[in-house]
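Sequential numbering of the sequence shown, starting at 6, is according to my numbering.
Ideal Cβ positions, reconstructed from N, Cα and C, are used throughout, including at glycine.
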Amino acid sequence: MDIQHNFQLQTYNSFRTKATAKLFAKPRTIDEIIELLKQYPNEKKLILGNGCNLFFTKPFDGLVIKPIISGISVIDDNAENVTIEVGAAQDWDELVEYCVNRGWSGIENLSLIPGAVGAAPIQNIGAYGTEVKDVIVKVKTIEMATQAIKEFNNAECEFEYRNSIFKQTRNYIITSVIFQLSKSFSYREKYIDLKKELAHTPSPTLKQVREAIISIRKRKLPNHLEIPNAGSFFKNPIITTAEKDSLLEALPSAPIYNIDTNSFKTSAAYLIEQAGYKGKRKGNVGTYENHALIIVNYGSDDGNDIADFMHEIQKVVKTKYNIELEPEVWVF
Ligand SMILES: Cc1cc2nc3c(=O)[nH]c(=O)nc-3n(C[C@H](O)[C@H](O)[C@H](O)COP(=O)(O)OP(=O)(O)OC[C@H]3O[C@@H](n4cnc5c(N)ncnc54)[C@H](O)[C@@H]3O)c2cc1C
């Protein structure tokens, strides 16, 4: 396997920031991953998918592993469901299209999310009322420290909002994911934007739902290939009753969603917008004009410009509303 030294990562992250990796490899099989782990037991490691949820502020002093195991295989097929195993490097949206074309439902609302399949369980990707955890049966991994192959069933993945055991421990390389999709499809109006988009299509087909999601996303979100970005930059904050009460005093119209008796979710985009940061630009970095939650890079190749702008937003929101914004994007 080819191991590259001082490898430039600029085209491997969707913010397009420059940074080199001390070592870089693209293993094609599970055996090649294990061999690599044995060869470099003491190097710091970073597993890379398509780099759509991370950026670099400094050279990566270790081994970047970009597995290139792809492919979709059917492992069970009955009248109601189909179960498929998908390689980690498979493009996520190509998988969604593949499933929708075959009439398999469950991930159509996750259309056009950029990235590879292996990254989908990491933060339990979600959009338009759906999270990937709803269709994951099993995640196959290699534990980095021991090189042991480990499989996690859905409960063992400990999925939460933009979180999982893989994100918490960072110990595992995901090699494939097993999904169960349904062969029947009944449209449920889960999300207001989708409902509006399909207002003149009373019983949309699976394909029409995918097309509607794609057209909403193309309207609302910047294309990272044209304007470098990593999607939603911050997680929606989960707050306590006391934090909710003080937020409502400062911002009476802040959206509040009940989670349980002492925890609530509010909208990070709303807080950033109210703090005056929607469409704000500082040098080569800013928030997108149509979406306050998306930090965009207008031309910097230094990840520190993005990190500085991130810290500024966090500070302003904390000072004004006493709420900590936690990045959804990984900063290396
Ligand atoms: C325009 C835009 C829109 C977006 N919209 C959404 C959205 O609607 N919903 C949403 O949830 N996300 C969204 N995202 C974020 C991003 O698309 C997802 O997080 C996606 O899963 C990232 O995939 P990736 O392959 O690029 O992962 P990367 O950025 O390469 O990696 C992300 C994390 O996963 C780890 N990782 C990657 N692959 C593996 C593996 N095989 N094994 C172990 N660890 C691994 C990495 O180390 C890193 O910590 C958006 C991003 C962009 C640019």
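Given that a residue counts as buried once 16 or more other Cβ atoms are within 10 Å of its Cβ, and exposed if not, what is residue i?
| i | result |
| --- | --- |
| residue 185 | buried |
| residue 151 | exposed |
| residue 310 | buried |
| residue 230 | exposed |
| residue 242 | buried |
| residue 177 | buried |
| residue 4 | No information on residue 4 is available, as it lies outside the stretch 6 to 337 that the chain covers here. |
| residue 54 | buried |
| residue 220 | exposed |
| residue 115 | buried |
| residue 294 | exposed |
| residue 38 | buried |
| residue 209 | buried |
| residue 18 | buried |
| residue 71 | buried |
| residue 277 | buried |
Check whether the Cβ atoms of residue i and residue j lie closer than 8 Å to each other.
| i | j | result |
| --- | --- | --- |
| residue 80 | residue 89 | yes |
| residue 159 | residue 137 | no |
| residue 92 | residue 181 | yes |
| residue 217 | residue 325 | no |
| residue 315 | residue 190 | no |
| residue 301 | residue 234 | yes |
| residue 69 | residue 20 | no |
| residue 94 | residue 65 | no |
| residue 167 | residue 333 | yes |
| residue 298 | residue 280 | no |
| residue 87 | residue 212 | no |
| residue 118 | residue 97 | yes |
| residue 291 | residue 303 | yes |
| residue 296 | residue 201 | no |
| residue 261 | residue 249 | yes |
| residue 43 | residue 67 | no |
| residue 6 | residue 32 | yes |
| residue 198 | residue 22 | no |
| residue 247 | residue 253 | no |
| residue 337 | residue 62 | yes |
Taking residue i as part of the beta strand (DSSP E), name the residues at either end of that continuous run.
| i | result |
| --- | --- |
| residue 237 | 234-237 |
| residue 187 | 177-187 |
| residue 66 | 65-70 |
| residue 28 | 25-30 |
| residue 265 | 261-265 |
| residue 62 | That residue, residue 62, is in no beta strand (DSSP E); it is neither H nor E in DSSP. |
| residue 229 | Where residue 229 is concerned, there is no enclosing beta strand (DSSP E), given that its DSSP letter is neither H nor E. |
| residue 51 | 50-52 |
Just to confirm the assignment, what range does the alpha helix (DSSP H) spanning residue i have?
| i | result |
| --- | --- |
| residue 174 | 170-174 |
| residue 38 | 35-44 |
| residue 221 | 211-225 |
| residue 12 | Segment 8-13 is the beta strand (DSSP E) holding residue 12; no alpha helix (DSSP H) there. |
| residue 285 | Per DSSP, residue 285 belongs to no alpha helix (DSSP H) and is neither H nor E. |
| residue 322 | 308-326 |
| residue 246 | 246-255 |
| residue 99 | 97-106 |
| residue 195 | No alpha helix (DSSP H) contains residue 195, which DSSP labels as neither H nor E. |
| residue 278 | 273-279 |
Since residue i sits in a beta bridge, which residues does DSSP pair it with?
| i | result |
| --- | --- |
| residue 90 | 78, 183 |
| residue 268 | 265 |
| residue 146 | 155, 179 |
| residue 296 | 293 |
| residue 131 | 136 |
| residue 350 | The first residue shown for the chain is 6 and the last is 337, placing residue 350 beyond what the model contains. |
| residue 243 | 270 |
| residue 165 | 168 |
| residue 332 | 239 |
| residue 124 | Residue 124 pairs with nothing; no bridge assigned. |
(request) Check whether the segment 48-67 touches the segment 117-132, counting contact only when three or more Cβ pairs, one atom from each stretch, lie closer than 8 Å. (result) Yes, since at least three Cβ pairs between the segment 48-67 and the segment 117-132 fall closer than 8 Å, the two stretches touch.
(request) Evaluate the contact criterion for the segment 98-109 versus the segment 143-159: three or more CB pairs, one atom per stretch, below 8 Å. (result) Touching, no.
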